[in-house]
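Let me begin by presenting the structure, written as structure tokens, before commenting on it.
Residue numbers (the UniProt record's numbering): 1 to 111.
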């Protein structure tokens, strides 16, 4: 399973002054806690097999939800240009969407 790109591990390691391997272990541990503790409280599928079957019909086997994001290029004020720069080196906002098994957006987020 790939949770992040190597650049993200480097970023986290630099932010907390730790090694990349320690950052990777921390990410895995956090994901385990999320799965073990939070998932049962927030993710409720009435019939998981129906959800998996519906996503499979759309070409996504063994899937229960779909998340994707995109960088949308923007013009930004010159005095705040660093606040809008992304990891690809241009100014943008991020648009993220989550879709259900009918292909309908259930959550749209931008930052």
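Here a beta-carbon is modelled for each residue, glycine too, at the ideal position from N, C-alpha and C. None of these values were measured; they are calculated from a predicted model.
- Pairing residue 55 with residue 88 gives a Cβ-Cβ distance that is not under 7 Å.
- Taken in chain order, the whole beta strand (DSSP E) runs of length 3 or more contained in the region 8-79 are 66-73.
- Per DSSP, reduced to three states, the secondary structure at residue 96 is strand.
- Per the C-alpha coordinates, the member of 64, 16, 22, 21 positioned closest to residue 39 is 64.
- Between residue 72 and the set 19, 17, 109, 21, the nearest pair of CA atoms involves 109.
- Taking 7 Å as the cut-off, the Cβ atoms of residue 12 and residue 23 count as close.
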